[in-house]
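Each step along the sequence shown adds one to the number in the working numbering, with nothing skipped, and position 182 is 202. For each residue, glycine too, the CB sits at the ideal point set by N, CA and C. Keep in mind it's a predicted model, so treat the numbers as computed, not measured.
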Amino acid sequence: MRTPPENRLIVALDVDDADRAEALAEALSGAAGMVKVGLQLFVAAGPDAVRRVREHGAVFLDLKLHDIPTTVERAARAAGRLGVDLLTVHALGGPDMVAAAVRGGGEGAAEAGHPPPRVLGVTVLSSLGGESLASPASLAFEAVAAGASGAVVSGEDVGSVREAVGRDAVLVVPGIRPAGHEANDHVRVLTPREAVEAGADYLVVGRPVTAAPDPGAAARAVLAQLR
């Protein structure tokens with residue numbers, strides 16, 4: 021059975037400046053388990069931003085790849101060369117696309133001498149609500165069956181997804197808000213303790229940590245809520 025990570029916290033570096041991102045990554049080194057590079061930072065600063073923040077810790081590259089399998093495989097191969105630990109694709113892309121991402125990520129990592137990235141299928145974004153969306157549990161199950169290591173799920177869905185994919189899949193929950201913080205643009209939110217109790221492995225927190233005067237102390241405060 022897979023052992024839960026020692027440090028469950030992923031901090032989202034939602035900035036558009038590589039210098040700022042690297043400074044945050046350095047401040048969070050030893051406090052956060054991982055930092056997240058998403059579309060905002062990647063579009064602004066490119067692969068170099070990933071290389072720079074990776075000097076200070078593990079990286080979750082959250083690009084939510086969604087295209088034809090060949091294109092996704094090539095993009096995942098490039099991501100694998102960067103040495104990222106986690107990589108996202110949209111589960112709605114289907115099993116062939118997910119399998120292509122897993123294959124490409126592993127090949128790129130091998131070329132550069134890195135461990136293969138764990139590919140995660142994004143089910144439903146935490147900023148979306150409503151009942152007309154595809155079932156997160158079925159999307160996650162299909163992604164894992166196609167070779168993904170796990171899924172990114174909203175807080176309210178983590179329990180049902182965990183039941184569908186089993187104990188060995190990695191579940192990442194975005195939009196986590198520590199007690200006392202506003203939800204901002206996330207609709208589906210949980211506190212850190214609620215998310216872990218529901219079955220989450222990793223918790224993604226952004227502004228409550230990155231906007232704090234001392235990001236490292238803020239990260240440690242989030243983790244303290246899990247004790």
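Under the three-state DSSP convention, the category residue i falls into
{"i": "L107", "result": "strand"}
{"i": "L59", "result": "helix"}
{"i": "G170", "result": "strand"}
{"i": "D82", "result": "strand"}
Residues near residue i in its chain [Cβ-Cβ closer than 8 Å; skip 5 each side]
{"i": "P198", "result": "T211, P212, V225, P228, A241, V242 and Q245"}
{"i": "Q60", "result": "D34, V35 and D36"}
{"i": "G179", "result": "A218 and G219"}
Residue i versus residue j - alpha carbon distance
{"i": "G103", "j": "R123", "result": "15 Å"}
{"i": "A166", "j": "T91", "result": "17 Å"}
{"i": "R97", "j": "A120", "result": "10 Å"}
{"i": "L85", "j": "V164", "result": "16 Å"}
{"i": "A64", "j": "R40", "result": "12 Å"}
Residue i burial status per 10 Å Cβ neighbour count (16 or more: buried)
{"i": "G77", "result": "buried"}
{"i": "R187", "result": "exposed"}
{"i": "P24", "result": "exposed"}
{"i": "D234", "result": "exposed"}
{"i": "R247", "result": "exposed"}
Nearest-angstrom beta carbon gap, residue j and residue i [assumed within contact, 8 Å]
{"i": "R101", "j": "G128", "result": "4 Å"}
{"i": "L140", "j": "S169", "result": "6 Å"}
{"i": "V173", "j": "A189", "result": "About 10 Å separates the two Cβ atoms, so there is no contact after all."}
7 Å Cβ shell around residue i - same chain, five flanking residues per side excluded
{"i": "A215", "result": "G175, V178, V193, I196 and L223"}
{"i": "E93", "result": "A120, A121, R123 and G124"}
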